[in-house]
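Since the structure comes first, as structure tokens, the remarks are kept for the end.
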Amino acid sequence: MRPLDFLGRIKIKLGVVILLAVAAAFVVNEVGINLGYTRDARIAVAAGLALVLVQIMARGMTKPLRDMAAAAQTIAKGRYGERVRATSRDEVGELASAFNAMAADLGEVDRQRRELIANVSHELRTPITALRAVLENVVDGVSEADPETLGTALAQTERLGKLVGQLLDLSRLDSGARLIDPEPVGLGALVQQAGKEATLARDGVRVRGDVPPGLAVLADPGLLAQVLANLLDNAVRHSPPGGTVTVTARPDGPRVRLIVCDEGPGIPEHARAHVFERFSRLDPARAADAGGSGLGLAIVKEIVELHGGGVRIDEGPGCRMVVELPERTTVPTTPSP
């Protein structure tokens with residue numbers, strides 16, 4: 001700890017340094033008078049001592065700035081573990097603490113970037129390898145170009161396209177390039193359409209909607225449809241044959257609560273904090289076989305938070321996803337004939 005670190009402001013430190021320099025000059029001058037030194041000699045000695053004292057004190061005050069400059073150069077080379085000692089309580093100490101926090105954030109971002117690149121490389125390699133194997137077998141004459149073989153190639157192509165689309169969606173959401181265009185969206189029709197599309201991907205699983213007539217929310221129609229599609233895709237893939245996925249929407253004050261519940265094995269409590277992370281999977285091998293990329297729920301979280309809402313997992317049989325959206329409204333309903 002440096003001599004002036006206990007002081008909480010730089011201007012106070014500067015005042016103390018000036019006061020000490022003046023006091024030292026005064027003492028030297030008085031001593032010089034008592035010893036019979038000439039006026040010029042007293043001034044020279046007093047000025048020299050004051051300059052030395054100011055240099056020593058100022059060097060201690062500016063050392064954290066020099067340390068930060070050196071640490072910044074180290075961090076610029078990609079070594080994010082560099083830190084600066086923050087012993088003072090003044091503005092320089094606050095700057096050092098902020099610098100350390102920034103370095104930690106940069107290190108975490110770099111870790112996530114490396115992890116993202118590794119995950120994306122793996123996810124892209126899997127369908128590309130499968131597609132290449134199918135096409136090589138056809139070219140080499142090992143397999144016939146029959147509907148079954150071409151269907152396998154098409155499935156891998158669709159999986160690859162879906163992954164690329166999800167990555168683009170996340171990129172737009174992260175960059176802020178995707179702005180919401182809210183308008184009243186009727187949840188009844190949206191749930192009905194999303195349910196039809198979800199059941200096409202999994203035979204034997206039924207989607208049941210429970211939405212009060214006229215219930216709507218102010219949201220971007222395309223993004224809200226994507227939220228529901230991703231939730232239903234996840235629920236349908238993890239539902240047993242003959243199972244039912246229930247989509248419930250209810251008003252909750254000024255908000256709307258949307259619940260998607262399946263009859264699958266559910267998500268253990270210890271894993272719920274991670275399911276909305278990118279490329280997160282409870283069972284990687286099983287999820288990959290089912291066509292999951294680990295990005296669907298991450299996209300849901302980004303879109304819902306972009307609307308000012310939240311998403312969580314509640315206790316219940318199966319997996320119970322709860323989405324809360326603000327700005328509840330109504331749409332006119334068409335009476336049944």
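In UniProt numbering, the protein residues as written are 1 to 337.
Cβ coordinates follow ideal geometry from the N, Cα and C atoms, glycine included.
Residue i and residue j closer than 8 Å at C-beta
i, j, result
"Leu297", "Gln166", "no"
"Gly264", "Gly204", "no"
"Arg255", "Glu197", "no"
"Gly32", "Val45", "yes"
"Leu20", "Leu51", "no"
"Val185", "Val217", "yes"
"Ala235", "Val211", "no"
"Tyr80", "Ala47", "no"
Rounded C-alpha distance that separates residue i from residue j
i, j, result
"Pro221", "Val227", "10 Å"
"Val17", "Ile56", "10 Å"
"Gln193", "Pro213", "15 Å"
"Glu305", "Arg113", "22 Å"
"residue 360", "Glu115", "Outside the shown range of the chain (1 to 337) lies residue 360, about which nothing can therefore be said."
"Val132", "Arg159", "According to the sequence provided, residue 132 is Arg. The question's Val does not apply to it. C-alpha separation (whole angstroms): 14 Å."
"Asn29", "Thr62", "29 Å"
"His238", "Gln73", "49 Å"
"Ser171", "Ile117", "13 Å"
"Leu135", "Leu163", "20 Å"
"Pro251", "Pro147", "48 Å"
"Leu168", "Ala271", "26 Å"
Selection from the options that minimises the alpha carbon distance to residue i
i, options, result
"residue 338", "Pro251, Thr244, Pro240, Val191", "Only positions 1 to 337 of the chain appear in this structure, which leaves residue 338 out of reach."
"Ala155", "Gly141, Ile128, Cys319", "Ile128"
"Gly188", "Thr199, Ala153, Asp169, Leu224", "Leu224"
"Cys319", "Gly253, Asp67, Leu232, Thr149", "Leu232"
"Gly209", "Ile180, Thr244, Leu168, Gly141", "Thr244"
"residue 378", "Ile259, Ala101, Arg125", "Within the shown structure, residues of the chain are numbered from 1 to 337, placing residue 378 beyond reach of any answer."
Beta-bridge pairing of residue i - partner residues as DSSP gives them
i, result
"Leu258", "Ala249, Val323"
"Ala216", "Gly186, Thr329"
Exposure of residue i, with buried meaning 16 or more beta-carbon neighbours within 10 Å
i, result
"His274", "exposed"
"Asp262", "buried"
"Val22", "exposed"
"Ala25", "buried"
"Lys77", "exposed"
"Leu215", "buried"
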